[in-house]
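See below for the structure under consideration.
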Amino acid sequence: MIDIEGTIRFHGHSCPGLATGIRAAEIALREIGPHSADEEIVAIVETDMCGVDAIQYLTGCTFGKGNLIHLDYGKNAFTFIRRSDGKALRIVTQPNAFGPPDLERQALFERVRSGAATEEEQARFSALHGQRVQQVLDAPEETLFEVREVEPRIPARARVIASLACDACGEMAMETRTRRFQGRTLCMPCFEAAENRW
Ligand SMILES: [Zn+2]
Ligand SMILES: [Zn+2]
Numbered sequence: 150m151i152d153i154e155g156t157i158r159f160h161g162h163s164c165p166g167l168a169t170g171i172r173a174a175e176i177a178l179r180e181i182g183p184h185s186a187d188e189e190i191v192a193i194v195e196t197d198m199c200g201v202d203a204i205q206y207l208t209g210c211t212f213g214k215g216n217l218i219h220l221d222y223g224k225n226a227f228t229f230i231r232r233s234d235g236k237a238l239r240i241v242t243q244p245n246a247f248g249p250p251d252l253e254r255q256a257l258f259e260r261v262r263s264g265a266a267t268e269e270e271q272a273r274f275s276a277l278h279g280q281r282v283q284q285v286l287d288a289p290e291e292t293l294f295e296v297r298e299v300e301p302r303i304p305a306r307a308r309v310i311a312s313l314a315c316d317a318c319g320e321m322a323m324e325t326r327t328r329r330f331q332g333r334t335l336c337m338p339c340f341e342a343a344e345n346r347w
């Protein structure tokens, strides 16, 4: 059983993006392996939106453990790799996974976001939003996703490297994330600030 309630609690709200992540995680748990206690499974996600929280919570591929890798491609695509035998699946959301765009919901979303929505519009939006979540949870997998076996390519991770103190703020930063600027060693934010002043 997929722990949908727990996933929503972890993410903070229920939304169609989270539902998409739940469905992708469901495939990974079935085809690649159970919740990853250590790093048996590696997930490569090409988005940093809501769905990734479902991936982290349900599959145990997490940012902090290092077996969740984000590629900033802005695609709803999730690859899962089983280290033991190299089986790898890439799960991509179908272009028309959610049917034609729901203009009413989009218009309401804008009004809710800008704070202009009436109580009635709020309620209508919540109802449509809930319907969309349910639609994603109930859809056949092949309607939502294209799933393909792929080469198990895991992007190289930065090894644990020594940290250096920033000459401006004094905070420690990984050596590979520091910059030399006018003879000083700076962390990224201090480097960016110095460069802007320059
Ligand atoms: Zn969300
Ligand atoms: Zn600094």
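Heads up, the sequence shown is in my numbering, so the first residue is 150 and it goes up one at a time.
For each residue, glycine too, the CB sits at the ideal point set by N, CA and C.
All figures in this text were calculated on a predicted structure; none of them were measured in a lab.
Listed by position in the chain, the residues whose beta carbon lies within less than 5 Å of some heavy atom of ligand 2 are Cys-315, Ala-317, Cys-318, Cys-336 and Cys-339. Excluding residues up to 5 positions away in sequence, Glu-270, Gln-271 and Phe-274 lie with their Cβ nearer than 8 Å to the Cβ of Val-261 in the same chain.
Taken atom to atom, the span from the alpha-carbon of Gln-284 to that of Pro-244 is near 16 Å.
In the three-state scheme derived from DSSP, where H, G and I count as helix and E and B as strand, Met-323 is classed as strand. Unbroken alpha helix (DSSP H) stretches of 4 residues or longer found wholly inside the region 216–300: 252–263, 268–287 and 290–293, given in chain order.
Neighbourhood of ligand 1, defined by CB distance below 6 Å to any of its heavy atoms: His-160, His-162, Cys-164, Gly-166, Leu-167 and Cys-199, in chain order. In the displayed model, Ile-176 falls within a helix according to three-state DSSP. Taking Glu-253 as reference, the option from Thr-242, Val-241, Ala-266 and Ala-246 with the minimal CA-CA separation is Ala-266.
DSSP, read as helix, strand or coil, puts Ile-190 in strand. In this structure, Ala-237 sits away from Leu-293, with a CB-CB distance that is not shorter than 8 Å.
For Thr-334, no alpha helix (DSSP H) run applies; the uninterrupted beta strand (DSSP E) run containing it begins and ends at 333–335, by DSSP.
Rounded to the nearest angstrom, the gap between the Cα atoms of Gln-280 and Val-299 is 33 Å. In the DSSP assignment, Arg-329 falls within the unbroken beta strand (DSSP E) covering 328–330. Per DSSP, the unbroken beta strand (DSSP E) holding Ala-314 starts and ends at 312–314.
Only residues of its own chain outside the window of five on either side were considered, and among them Ala-266, Glu-270, Arg-273, Phe-274 and Leu-277 have a CB closer than 8 Å to the CB of Leu-257, listed in chain order.
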